[in-house]
Each structure stands twice: as C-alpha cells, then as structure tokens.
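J.:
Residue numbers (our numbering): 644 to 812.
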C-alpha cells in the first residue's frame with residue numbers, strides 16, 4: 644500500500660534517526676531532526692518529503708514521540724523493537740552489565756514479522772532468563788512496546804509481542 648518512494652523515505656529516516664547522539668543522548672531525536680534537515684535540504688530534497696522525514700525523526704523518542712505520519716510509525720516500530728545481543732559493545736564480565744546491556748545481551752533472538760494481509764505486526768524475542776529475567780525487559784521496554792502498539796494502530800494494524808513464545812501483548 645506504500646509507494647516505493649514512501650518506503651525509501653522510511654529507510655532514510657531509519658538511517659539518520661540517531662545521528663543526534665553525536666551531540667547528546669538527551670533529546671537526540673530533536674538534534675537528529677535538525678542535522679538531517681540540514682543535510683537533506685542541502686541535497687535538494689523537496690520540502691514536502693523533507694517535512695515527512697524530519698517529523699518522523701523528531702518523533703521517534705519515548706519521551707515525546709508520536710506516529711505523526713506513516714514514516715514515523717515505521718521508524719518507531721523498527722527502532723523500539725531493536726533488542727539483541729549484538730547491540731552490546733561492552734566487553735566486561737556480564738555480571739558488571741547495566742540493565743540495558745543485560746537485557747540486550749540476554750536477547751538471543753529478535754524478529755519483527757509483518758503480516759500484510761492479516762494487518763498484524765509481531766515482535767518475537769527469545770530471552771535467556773539465566774542472564775536477565777523478563778521483568779527487566781519490561782523495565783526498559785514497556786513504554787517502547789506501547790509506542791509500537793500505537794504505531795501499528797496508526798498503520799491500521801495490530802501489534803503482538805511474544806517473549807519466549809508467550810504472547811504478552
């Protein structure tokens with residue numbers, strides 16, 4: 644239902660959404676939007692497309708983000724469902740990990756499935772509970788999963804979350 648160009652705009656937003664982290668982790672969504680604006684405007688992106696991408700990037704954070712357009716909804720779903728062992732760069736002993744590293748390290752598998760005909764978006768995560776109890780996943784991911792549910796709703800889809808094969812949302 645989305646054009647190739649709309650899909651490209653979503654990919655572009657996904658590629659650029661965290662560049663503001665080089666300024667500061669706090670409010671990096673807004674910094675990312677401003678940096679992306681300068682880059683894309685400088686490259687001559689049409690204003691109507693620029694507005695879509697910048698709004699998506701500026702609305703991807705939990706503290707203030709909303710699915711203001713379909714690109715933002717896609718970005719939120721991709722960004723907030725990103726949990727996996729490969730995200731952990733910390734080479735210290737697992738016992739020294741903070742909760743974010745522990746949850747990501749415990750996530751052995753993570754897959755986002757999209758069933759277009761059924762209008763269903765499903766996140767399946769396999770967590771090694773010897774590293775991290777599932778409750779710790781929800782400590783940092785509950786609001787993110789609620790954002791995913793709202794983003795799926797914006798796209799007129801349902802959102803499901805399975806952890807270790809148990810349907811939790």
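Yeah, the Cβ is synthetic: ideal placement off N, Cα and C, and Gly gets one too.
#1: So residue 803 and residue 714 are in contact, right, with Cβ under 8 Å, and what is the actual spacing, rounded?
#2: Can you check the segment 746-784 for any beta strand (DSSP E) of at least 3 residues that lies completely inside it and give the ranges in chain order?
#3: Helix, strand or coil: which one does DSSP assign to residue 804?
#4: Below 8 Å on the Cβ atoms is my guess for residue 769 versus residue 756; work out the distance and round it to an integer in Å.
#5: Going by DSSP, name the residue or residues bridged to residue 810.
#6: Let's test the definition: count the other Cβ atoms within 10 Å of the Cβ of residue 686 and tell me whether it reaches 16, buried, or not, exposed.
#7: Short check: CB of residue 695 to CB of residue 679, under 8 Å?
#8: If you run the structure through DSSP and keep just helix, strand and coil, what is residue 724?
#9: In whole angstroms, give me the CA-to-CA distance for residue 667 and residue 702.
#10: Let's see if you can read the secondary structure: which residues bound the alpha helix (DSSP H) around residue 689?
#11: Short of 7 Å in beta carbon distance, which residues of its chain neighbour residue 652, apart from the five on each side in sequence? Order them along the chain.
#12: To the nearest angstrom, how far is the alpha carbon of residue 751 from that of residue 712?
#13: For the candidate residues 762, 676, 672, whose alpha-carbon lies nearest to that of residue 799?
T.: So, from the data block:
#1: Reading the chain shown from its first residue, position 160 is the one you call residue 803. Reading the chain shown from its first residue, position 71 is the one you call residue 714. About 22 Å; that fails the 8 Å criterion.
#2: 750-758, 763-770
#3: Residue numbering aside, residue 804 sits at position 161 when the chain shown is read from its first letter. Residue state, collapsed to three classes: strand.
#4: One-based indexing of the chain shown puts residue 769 at position 126. One-based indexing of the chain shown puts residue 756 at position 113. The Cβ separation is near 14 Å, so there is no contact.
#5: The sequence position of residue 810 within the chain shown is 167, counting from 1. BP columns for residue 810 point to 805.
#6: Here residue 686 corresponds to residue number 43 of the chain shown, with the count starting at 1. Residue 686 is exposed by the Cβ-count criterion.
#7: On the chain shown, position 52 is the one that residue 695 refers to. On the chain shown, position 36 is the one that residue 679 refers to. Contact: no.
#8: As a first step, residue 724 must be located in the chain shown, where it is residue number 81. In the structure shown, residue 724 sits in coil (DSSP, three-state: anything other than H, G, I, E or B).
#9: By 1-based counting over the chain shown, the position of residue 667 is 24. By 1-based counting over the chain shown, the position of residue 702 is 59. Rounded to the nearest angstrom, the two C-alpha atoms are 16 Å apart.
#10: As a first step, residue 689 must be located in the chain shown, where it is residue number 46. Looking at the DSSP string, residue 689 is not in any alpha helix (DSSP H), and its letter there is neither H nor E.
#11: For the purposes of this step, residue 652 is taken as the residue at position 9 of the chain shown. So the qualifying residues of the chain are 692, 695, 696, 714.
#12: Translated into positions along the chain shown, residue 751 becomes position 108. Translated into positions along the chain shown, residue 712 becomes position 69. Going from the Cα of residue 751 to the Cα of residue 712 covers about 32 Å.
#13: As a position in the chain shown, residue 799 is number 156, starting the count at 1. Taking only the C-alpha atoms, the option nearest residue 799 is 762.
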